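S.K.: Below you'll find the structure I mean.
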Amino acid sequence: MLATVAAVGAAPAEARRIASARSSYALAIEPLAGYQGQTTCSPWAKPGVVDMSQRLLRAFPTTRSLGIVRACSVGGQSEHKEGRAFDWGGLNSHSAKDRARVARFVHWLDKPDKYGNTYAHARRLGIQYLIWNHKIWGSYAASSGWRKYTGADPHTNHVHISFTWAGARKKTSFWTGKVGNVAATPTPPKPPTPPTPPTPPVGGDTTPPRPEPVPMPTLKPGPVLADETVTLAGTDAGITTVGALTAGQPYLIEASGTWKWGTRVNEIADAECSTAPHDKTWRRDRSVHSWQPTSDHLDLYVDGNDLSADPDTDTGEGCDTANHTYRWTYTPQRTGRVKFASWDPTTLTDNSGALTIRVISSTPVDQMTWSVPGNAGAGVTSPGALAANETYIVTVSGTVSVGGGVTTDAECSTTPTDPVWRRDRVADVAYPGSERLDVLLDKQATTLTPVTDSGGSSCDVADHVYRTVVRPRDTRPINLRVDDLTPQDNTGALTVTTTRVVQPTGAETVAVDSKSAAGARTARIYKGGMTVRLTVVGTYAFAAGKVADAECTSTTAAPNWHDPQAGGVDAAGNSLRDVTVGGRSRVWAAAGGAECDAAHHTYTLTYTPGTTGPLPFGVADTSYGDNVGTLSVTVVPVG
Numbered sequence: 005m006l007a008t009v010a011a012v013g014a015a016p017a018e019a020r021r022i023a024s025a026r027s028s029y030a031l032a033i034e035p036l037a038g039y040q041g042q043t044t045c046s047p048w049a050k051p052g053v054v055d056m057s058q059r060l061l062r063a064f065p066t067t068r069s070l071g072i073v074r075a076c077s078v079g080g081q082s083e084h085k086e087g088r089a090f091d092w093g094g095l096n097s098h099s100a101k102d103r104a105r106v107a108r109f110v111h112w113l114d115k116p117d118k119y120g121n122t123y124a125h126a127r128r129l130g131i132q133y134l135i136w137n138h139k140i141w142g143s144y145a146a147s148s149g150w151r152k153y154t155g156a157d158p159h160t161n162h163v164h165i166s167f168t169w170a171g172a173r174k175k176t177s178f179w180t181g182k183v184g185n186v187a188a189t190p191t192p193p194k195p196p197t198p199p200t201p202p203t204p205p206v207g208g209d210t211t212p213p214r215p216e217p218v219p220m221p222t223l224k225p226g227p228v229l230a231d232e233t234v235t236l237a238g239t240d241a242g243i244t245t246v247g248a249l250t251a252g253q254p255y256l257i258e259a260s261g262t263w264k265w266g267t268r269v270n271e272i273a274d275a276e277c278s279t280a281p282h283d284k285t286w287r288r289d290r291s292v293h294s295w296q297p298t299s300d301h302l303d304l305y306v307d308g309n310d311l312s313a314d315p316d317t318d319t320g321e322g323c324d325t326a327n328h329t330y331r332w333t334y335t336p337q338r339t340g341r342v343k344f345a346s347w348d349p350t351t352l353t354d355n356s357g358a359l360t361i362r363v364i365s366s367t368p369v370d371q372m373t374w375s376v377p378g379n380a381g382a383g384v385t386s387p388g389a390l391a392a393n394e395t396y397i398v399t400v401s402g403t404v405s406v407g408g409g410v411t412t413d414a415e416c417s418t419t420p421t422d423p424v425w426r427r428d429r430v431a432d433v434a435y436p437g438s439e440r441l442d443v444l445l446d447k448q449a450t451t452l453t454p455v456t457d458s459g460g461s462s463c464d465v466a467d468h469v470y471r472t473v474v475r476p477r478d479t480r481p482i483n484l485r486v487d488d489l490t491p492q493d494n495t496g497a498l499t500v501t502t503t504r505v506v507q508p509t510g511a512e513t514v515a516v517d518s519k520s521a522a523g524a525r526t527a528r529i530y531k532g533g534m535t536v537r538l539t540v541v542g543t544y545a546f547a548a549g550k551v552a553d554a555e556c557t558s559t560t561a562a563p564n565w566h567d568p569q570a571g572g573v574d575a576a577g578n579s580l581r582d583v584t585v586g587g588r589s590r591v592w593a594a595a596g597g598a599e600c601d602a603a604h605h606t607y608t609l610t611y612t613p614g615t616t617g618p619l620p621f622g623v624a625d626t627s628y629g630d631n632v633g634t635l636s637v638t639v640v641p642v643g
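The structure is reproduced here in structure tokens:
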């Protein structure tokens, strides 16, 4: 199984042991799982999938999640629609390191345990199939190994991991120590029961229930809604947006908060889940009126449609008991102002509390700025969308106090006992190898680069400003938060700015002071993969009687200009005296194919940056204090 998916190589340096759920396992183990295709729509992440995805991301922190849940409206059969498939991303099949990462995971799945059980972890987890790099492996066809996969998505940037129902529900031996049912014909969850006319119960509550929210007969017009927040109090029969939604236009709906649907203890609900006096467990499917024992009450509706939203943090049963925040992409079928309502079938007069509901249009916005308070456990979502396949610079600035005298910015933190700003701050004792106290983008760890690197620490100690490049696969808003297990006591906020990158036109000139070890950067952002033409002009003195330009040198003792390629290298391995681009020496060309331009000291270079960002220039040297002079670099995009 392993040898057919990737060549075995040294494990990536950052890879950590994939943690098992139990310290030891008995001999008894599940058989290889049968195929359990999607049969229902249950669009929330199941606990076993969530837990295993987190273990995988902790073991390979440079990778990321591309999601678990897929909307039921998206075409085709997929276990994503039942919340039991995980797309493990941040991978590239053309990268030897990423192939080694996948190989390490696959080996962990299929290696025998101490009892000689083959495919031990795959069986105990209830894995039914994997897809990676044009190939598929199915537990139901394990003897065939990795077979050719011809689906529309070749899965070259992620691994699709599909679970059986038992594995997705945490009902297998990996979690419980007891053998679970991974056969081919599981019992799926019951689909939602269609509404039925109320039937008077025999005995019990004789008060007729309040009806389920229904679509408004007509929608009132209003200004175009871009980003609006409404408050739905528990006593409200509904609240209508001021702005109008556009038919066929997707919107992200975020609902947070809790409300009491009665006065008794545990009569509490949020946008999707609730508790009751006789059942303190938060559940999505709860009936609270004896007239309608099979109905799903206390849910949030938009224009008469039950949202069926996804929890920000699934703490079990598809509920978010940590932040009580849920999100859903909603596409209205008609244009106008919409009404939000909760279905409380009892009475509204004994209710209290409120839900905060935010509606964000998916219309792309070229530049956005918003604040992310450190105590926002569910983060803060952008006020607009980023466009699919476009390139954006995300800039995060500011600091947050997380309690106990600890301060963090987007990547680094400092503590009273260790006042040095560090990127690798561990704040989760349960996972000593995990990094916390930085920023999560869409709940995933992301690497941000300091605008000003303070002493090579990869931290911006002075201004606390960091950048990263984002290229979303889908048109949607993004969410950022401080990665802290206990955000409630945090103070302060980070400022986030997103800017769509448009390849500049025309020329830009940068002055490179030879005395500066940090060099200089372009004021403009250039897209990775887009070619530019660079022209550098000028000379500088690097010592008494010694002069250099971009490529060649001349001294009093040897006045003829020559290329000093054999003249040594700096600490980064760059040829001394050369002008560097992107931190590396380049071969600058003089006019007419000459080695040096002793007359005009003008050189050119065609350069294609590998990443998006400002272009950095510098002078390779071992000592900058005695340098005198400035070089001029002109950048012109090609094509």
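So our numbering is basically just the index in the sequence shown, starting at one, shifted up by 4. Quick reminder that beta carbons are idealized off the backbone N, C-alpha and C, glycines included. Note that the structure is a prediction, hence the values are computed from the model and not measured.
#1: Who are the near neighbours of M534 in its chain, counting only those whose CB is closer than 6 Å to its CB and skipping five residues on each side?
#2: Assuming D517 is part of the beta strand (DSSP E), what are its boundary residues?
#3: Count the C-beta pairs between the stretch 489-500 and the stretch 576-594 that are closer than 8 Å, then say yes if the count reaches three, no if not.
#4: Return the CA-CA distance between L236 and N327, expressed in angstroms with no decimal places.
#5: Determine contact between the stretch 372-384 and the stretch 463-470, defined as no fewer than three beta-carbon pairs at a distance below 8 Å.
#6: Once DSSP output is grouped into helix, strand and coil, what is the label at L359?
#7: Going by alpha carbons, who is nearest to T503 out of S520, V473, A522 and A562?
#8: Can you check DSSP and say which residues form a bridge with T329?
#9: Should H282 be labelled buried (16 or more other beta-carbon atoms within 10 Å of its own) or exposed?
#10: Using a Cβ-Cβ cut-off of 6 Å (strictly less than) and excluding sequence neighbours within five positions of E415, which residues of its own chain qualify?
#11: To the nearest angstrom, how far is it from the Cα of V234 to the Cα of W169?
#12: If we ignore side chains and look at the alpha-carbon of each, how far apart do G308 and P641 end up?
#13: Taking 9 Å as the cut-off, decide whether the C-beta atoms of A259 and R362 are in contact.
#14: Give the secondary structure of M372 by DSSP, where H, G and I count as helix, E and B as strand, and everything else as coil.
#15: Does the stretch 512-524 come within contact of the stretch 592-602, defined as at least 3 CB pairs closer than 8 Å?
#16: Pull up the distance between the alpha-carbon of A11 and that of A146, whole angstroms please.
#17: Select from R477, V486 and V410 the residue whose C-alpha is nearest the C-alpha of K447.
#18: Please state whether DSSP places A273 in a helix, a strand or coil.
#19: Sort D370, P254, D310 and T319 by Cα distance to P51 and report the nearest one.
#20: Counting along the chain, where does the beta strand (DSSP E) carrying D114 start and finish?
#21: What is the rounded straight-line gap between the Cα of T634 and the Cα of C600?
#22: With the cut-off set at 9 Å, would you say P620 and V585 are in Cβ contact?
#23: What three-state label does DSSP hand R59 in the structure shown?
#24: Could you tell me the distance, in whole angstroms, from the CA atom of D240 to the CA atom of T329?
#25: Is the stretch 173-184 close to the stretch 104-119, with three or more CB pairs under 8 Å?
#26: Should P198 go down as buried or exposed, given a rule of 16 or more other Cβ atoms within 10 Å for buried?
#27: Cutting at 6 Å between CB atoms, please list the residues of its own chain near Y396, excluding the five before and the five after it.
#28: Using the rule of at least 16 other Cβ atoms within 10 Å of the residue's Cβ for burial, across every protein chain shown, is H164 buried or exposed?
M.R.: Concretely, from the data shown:
#1: Within the sequence shown, residue 534 is the residue found at index 530, counting from 1. Contacts found: Q507.
#2: On the sequence shown, residue 517 is found 513 positions in, with the first residue counted as 1. It spans E512 to D517 - the beta strand (DSSP E) in which D517 sits, taken as one unbroken run.
#3: no
#4: For the purposes of this step, residue 236 is taken as residue 232 along the sequence shown, with counting starting at 1. For the purposes of this step, residue 327 is taken as residue 323 along the sequence shown, with counting starting at 1. Cα to Cα, the separation comes out at about 17 Å.
#5: no
#6: Here residue 359 corresponds to residue number 355 of the sequence shown, with the count starting at 1. Strand at L359.
#7: Taking the first residue of the sequence shown as position 1, residue 503 is located at position 499. That would be V473, whose Cα lies nearest to the Cα of T503.
#8: On the sequence shown, residue 329 is found 325 positions in, with the first residue counted as 1. According to DSSP, which records beta bridges pairwise, T329 is partnered with S260.
#9: As a first step, residue 282 must be located in the sequence shown, where it is residue number 278. So H282 ends up on the exposed side.
#10: What you label residue 415 is simply residue 411 of the sequence shown in a count that begins at 1. Answer for E415: R427, D442, L452 and Y470, listed in chain order.
#11: On the sequence shown, residue 234 is found 230 positions in, with the first residue counted as 1. On the sequence shown, residue 169 is found 165 positions in, with the first residue counted as 1. Looking at the two C-alpha atoms, the distance is approximately 37 Å.
#12: Taking the sequence shown and counting its residues from 1, one reaches residue 308 at position 304. Taking the sequence shown and counting its residues from 1, one reaches residue 641 at position 637. Going from the Cα of G308 to the Cα of P641 covers about 53 Å.
#13: On the sequence shown, residue 259 is found 255 positions in, with the first residue counted as 1. On the sequence shown, residue 362 is found 358 positions in, with the first residue counted as 1. Yes; because the gap between Cβ atoms is below 9 Å, this pair is in contact.
#14: As a position in the sequence shown, residue 372 is number 368, starting the count at 1. Strand.
#15: no
#16: Position 7 of the sequence shown holds residue 11. Position 142 of the sequence shown holds residue 146. Because A11 sits at a pLDDT of 33, beneath the cut-off of 50, its placement in the model cannot be relied upon, and the following sentence gives the value as read from the coordinates. Each residue's Cα considered, the two are about 19 Å apart.
#17: The residue labelled residue 447 in the question sits at position 443 within the sequence shown. In terms of Cα proximity to K447, the closest of R477, V486 and V410 is V486.
#18: Residue numbering aside, residue 273 sits at position 269 when the sequence shown is read from its first letter. Of the three classes helix, strand and coil, the one that applies to A273 here is strand, per DSSP.
#19: Within the sequence shown, numbered from 1, the residue matching residue 51 stands at position 47. When each option's Cα is compared against that of P51, the closest is T319.
#20: Walking along the sequence shown from the start, residue 114 turns up at place 110. Premise fails: D114 lies in the alpha helix (DSSP H), A100 to D114, not in any beta strand (DSSP E).
#21: Taking the first residue of the sequence shown as position 1, residue 634 is located at position 630. Taking the first residue of the sequence shown as position 1, residue 600 is located at position 596. So the two alpha carbons sit approximately 18 Å from each other.
#22: In the sequence shown, residue 620 corresponds to position 616, counting from 1. In the sequence shown, residue 585 corresponds to position 581, counting from 1. Taking 9 Å as the Cβ cut-off, P620 and V585 qualify as a contacting pair.
#23: As a first step, residue 59 is located in the sequence shown; it is residue number 55 there, counting from the start. Note: R59 maps to helix in three-state DSSP.
#24: By one-based count along the sequence shown, residue 240 stands at place 236. By one-based count along the sequence shown, residue 329 stands at place 325. Approximately 20 Å, taken between the alpha carbons.
#25: no
#26: Taking the sequence shown and counting its residues from 1, the one referred to as residue 198 is at position 194. Because the pLDDT of P198 is 43, which lies under 50, any placement of that residue in the model is unreliable, and the number read from its coordinates should be weighed accordingly. Exposed, by the Cβ-count rule.
#27: The residue given as residue 396 occupies position 392 in the sequence shown. Excluding residues within five positions, the ones whose Cβ falls inside 6 Å are L390, V474, T502 and R504.
#28: By 1-based counting over the sequence shown, the position of residue 164 is 160. Classification for H164: buried.
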